[in-house]
Each structure stands twice: as C-alpha cells, then as structure tokens.
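Asks: Mind looking over this structure? Questions follow.
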Amino acid sequence: MCYYNGVKVTHGEFIRLKQLEKLIAQYDFLVKPLEIGFEYGQYPVLKKLEGVADFEIVQMEWGFIPHYISNRQDLEHFRKGGVNPKTGKYDVPILTLNAIGEEMLEKTTYKKSAMHRRCLVLSSGFYEWRHVFPKNKRTGEPVKTAIKYPYFITLNDREYFFMAGIWTPWTDRVTGEYVESFAIVTTRANALMEQVHNSKKRMPCILPEDLAYEWLMEDLDESRILEIASTQYSPAEMTARPIAKDFISALDPQAPFEYADLPPLAAV
Amino acid sequence: MADDNFAIKSGAMLCRVERLKLPGHSAFRIIFGDHRKPLIIARASNADAAKFWTSIPEGRQTEAEEWGTLIENYLKR
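Chains U and Y are the protein sequences, given in the same order.
Going by the numbering used here, 194 is the number at position 187 of the first sequence; the sequence numbering is gapless.
Going by the numbering used here, 691 is the number at position 68 of the second sequence; the sequence numbering is gapless.
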C-alpha cells in the first residue's frame, strides 16, 4: 500500500494517479488555451537544453522568484505585501510577473537570467485593462477615477506566438520544493497597446520566429539582448477586443463584449 | 450529458469548470473567480475500494473533496 494525498491507496491506483499527473501536464501544454492572465500559475515555456541546439517545453511558474527568497511563506509575503512580522513595518507587494526590457540588465534580480537564462513563453493571447476617464456631466472635466475595461489581445492569423521571457531556478529552503519561475519581458507599447494598456503604455515583447530563435538559442551580448527586448510587434497584425469584466470566471473568457459607453480604439 | 464546460457557484464566487478528456481517465479543472491557483481533481479508489475525490497533483485534498462534491451535485441535476 502507499499514500496519495494522505489517502491509503493500492500500488495500482497510485501508478494510475501518477500517470494521470503526467497526462494532465501534457494536456496543459497541448490543449489548454494559452492565454496569459493576471494570476500566478504554471505556464508552458520553451527552455534551451544545455550544450545542444535544442529546447524542451516545460511548465514554469509565472512570477520570477528571486534567489534571496527563502521559502513559500516568504514568497507569499513578497508578492502580497503586508505587515512584516519580523520588523512590524508594512511591506509593499513586489510584482515580478514582468521584467522591464530596458532595465532588466541593471537589476541584480534579473541580470543573470537575462544574460544566461532566456526563454520563450507560449501564448495564444493576453489580457490588459484599458482605463477610461469619462467627463463629469456637470463640470465637463474628466473624472478622477478611471472606469476599467478588460481587453483580450491576439495576433492576427497566429494561433500561438512567443513572448520573450527570462527564468530562474529556485529551491524552497524549508520544504526542498524545486521550482523554475519566469518573468515576461515587456517593451514600450505600440500604437495599439498604447490605447489599450493606456495606464502604463507597456506590452509584452512579442517576438517573430527568427528573433525568438535568437533570443532562446544564441549567446548574446548586452546590446543585442536590449535590442531584441525592445521589439514592438506590428500593431496592424494585432487585434484587441473588449471582453466582459467578469471574464476570469466566465465560461468563455475571451468572448467579445460590447460596452455602450466605451469609445472605440483609433485605427492603427 | 452535461456540457464539457460549466459554471458552479460556491458562496458568492462563480467558478468555471472544465472537463478534461484524457485517454482512459476523466478529470476536472476548476478555475476560481478569485486569485487562487486552478485546481484539477479526479475520482480515485482508496485501499478499501471506496471512491474519493483527489487533487492532481497531490497537495489540495480538502479543496478536491469540496469541489468534487459540488461537481457531483451539479452533474446529478
């Protein structure tokens, strides 16, 4: 007998459940829509194999885990912030979902990975929020608090595409859990994404296939890394559609949604 | 036969459930309305041949039992 999830099961059942784990990992890679959302989780990533011109597809945790984080509990605090039990002071949450392409070589946390552990994040689309400031009916001035509308952004005629990423290995010093985590490299927004992600005017660094290969497989110097990381995908080859505000729990999160009060995006 | 995708409400939270069609196996993925990591659950047999819900991979047994019951109730409707 052995145990699965604390429940005593037969050896046969244990093997069946372990097989199911592997099937699900494959299923995630091959069947799951690869939209990039707002939550930490496992995503398919192309990672170079050492010493050969080849790569493997693995699942990595989105949200770069810096080497100085000791364990999951500290990681949770790092990501969510809150009162630090050791100092009694409030720590702001630190987000490492994205790495700013222009700055990543200046950041101790990201530099080594940008130089030596670059990866490609597989995606079929991603979500961003557009901030709209309607005019106050009385004063005619824009209101101070934005109304936020979610958009789903895809590439025209491309079912899947590559985002530049950087990854890092990490081991929980309490449990021994080994995790590979990644950050998506971002660049300045193009003419379409300037309108959609209009609060930050950033977008993921989406790479055409030749640059994707170079990013993943080749040894690059700092200037070439920065050059590729600044790639802006053509806005004419992208589509951004508004979706429902409760899309995260919707049956079809990417279903287009019409808002009567939402001004259309300008043509690009 | 229920749809492969459906929604289940737990308290005030609406969650999306996907049936995963795998060779020789059946499993469900629950995508939560909050920021929790999605959960995959499947039916298994314990050493006494009694059925139970379990998370795949291991580690979220309590959630697996709770959501397994909700899915069962939904499918029996």
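Glycine included, C-beta positions come from ideal geometry on N, C-alpha and C.
Note that the structure is predicted; figures quoted are calculated from it, not measured.
Quick one: does residue 694 of chain Y have its CB under 8 Å from some CB of chain U?
Replies: As a first step, residue 694 of chain Y must be located in the second sequence, where it is residue number 71. Not closer than 8 Å to any Cβ of chain U, the Cβ of residue 694 of chain Y fails to qualify, so no.
Asks: Got a sec? Which residues, its chain only, sit under 8 Å from residue 15 of chain U by beta carbon, not counting five neighbours each side?
Replies: By 1-based counting over the first sequence, the position of residue 15 of chain U is 8. Once the five neighbours on either side are set aside, the close Cβ partners of residue 15 of chain U are 8 and 9.
Asks: Do the segment 670–690 of chain Y and the segment 14–28 of chain U make contact, defined as three or more Cβ pairs closer than 8 Å?
Replies: yes
Asks: Is the CB-CB distance between residue 651 of chain Y and residue 664 of chain Y below 8 Å?
Replies: Translated into the one-based positions of the second sequence, residue 651 of chain Y becomes position 28. Translated into the one-based positions of the second sequence, residue 664 of chain Y becomes position 41. In this structure, residue 664 of chain Y lies closer than 8 Å to residue 651 of chain Y by Cβ.
Asks: What does the alpha-carbon distance come out to for the pair residue 216 of chain U and residue 174 of chain U?
Replies: For this step, residue 216 of chain U is matched to residue 209 along the first sequence. For this step, residue 174 of chain U is matched to residue 167 along the first sequence. One C-alpha to the other measures close to 20 Å.
Asks: My guess is that residue 127 of chain U and residue 53 of chain U are in contact by the Cβ rule of under 8 Å, so how many angstroms apart are they, rounded?
Replies: Residue mapping note: residue 127 of chain U aligns to position 120 of the first sequence, counting from 1. Residue mapping note: residue 53 of chain U aligns to position 46 of the first sequence, counting from 1. Indeed, because the Cβ distance is near 4 Å, the residues count as touching under 8 Å.
Asks: Below 8 Å on C-beta distance, what does residue 24 of chain U contact in chain Y?
Replies: Indexing the first sequence from 1 puts residue 24 of chain U at position 17. Within 8 Å Cβ-Cβ: 665, 667, 677 and 679.
Asks: For residue 262 of chain U, name the three-state secondary structure that DSSP assigns.
Replies: In the first sequence, residue 262 of chain U corresponds to position 255, counting from 1. The answer is coil: DSSP assigns residue 262 of chain U none of H, G, I, E or B.
Asks: For residue 645 of chain Y, go through chain U and note every residue whose CB falls closer than 8 Å to its CB, in chain order.
Replies: Along the second sequence, read from residue 1 onward, the residue named residue 645 of chain Y stands at position 22. Here the neighbours are 27, 30, 31 and 34.
Asks: Along chain Y, which residues have their Cβ under 7 Å away from the Cβ of residue 15 of chain U?
Replies: Mapped onto the first sequence, residue 15 of chain U falls at position 8. Those are 669 and 670, listed as they occur along chain Y.
Asks: Distance, Cα to Cα, residue 666 of chain Y vs residue 673 of chain Y?
Replies: Taking the first residue of the second sequence as 1, we reach residue 666 of chain Y at position 43. Taking the first residue of the second sequence as 1, we reach residue 673 of chain Y at position 50. Using only the alpha carbons, I get a separation of about 10 Å.
Asks: Which of helix, strand or coil does DSSP assign to residue 98 of chain U?
Replies: Here residue 98 of chain U is taken as the residue at index 91 of the first sequence, counted from 1. Three-state result, residue 98 of chain U: strand.
Asks: Under 7 Å Cβ to Cβ from residue 248 of chain U, same chain only, skipping five residues before and after it: list those, please.
Replies: In the first sequence, the residue the question calls residue 248 of chain U occupies position 241. So the qualifying residues of the chain are 158, 159 and 263.
Asks: Give, in chain order, every residue of the segment 629–641 of chain Y whose Cβ lies closer than 8 Å to some Cβ of chain U.
Replies: 629, 630, 636, 637, 638 and 639
Asks: Enumerate in chain order the residues of its own chain whose CB-to-CB distance from residue 244 of chain U is below 7 Å, with the five nearest sequence positions on each side excluded.
Replies: For this step, residue 244 of chain U is matched to residue 237 along the first sequence. Closer than 7 Å at Cβ, skipping near neighbours: 162 and 163.
Asks: Any heavy atom of the ligand FMN within a distance shorter than 7 Å of the CB on residue 199 of chain U?
Replies: The ligand FMN is not among the ligands present in this structure, which contains no ligands whatsoever.
Asks: Would residue 189 of chain U and residue 67 of chain U qualify as a contact pair, given that the criterion is a beta-carbon distance under 8 Å?
Replies: Position 182 of the first sequence, counted from the start, is the residue given in the question as residue 189 of chain U. Position 60 of the first sequence, counted from the start, is the residue given in the question as residue 67 of chain U. Taking 8 Å as the Cβ cut-off, residue 189 of chain U and residue 67 of chain U qualify as a contacting pair.
Asks: Among all the DSSP beta bridges, which residues are the ones paired with residue 153 of chain U?
Replies: Working through the first sequence from its first residue, we reach residue 153 of chain U at position 146. Answer is none; residue 153 of chain U lacks a bridge partner.
Asks: Can you tell me whether residue 665 of chain Y is helix, strand or coil according to DSSP?
Replies: Locating residue 665 of chain Y in the second sequence gives position 42, where the first residue counts as 1. Three-state result, residue 665 of chain Y: strand.
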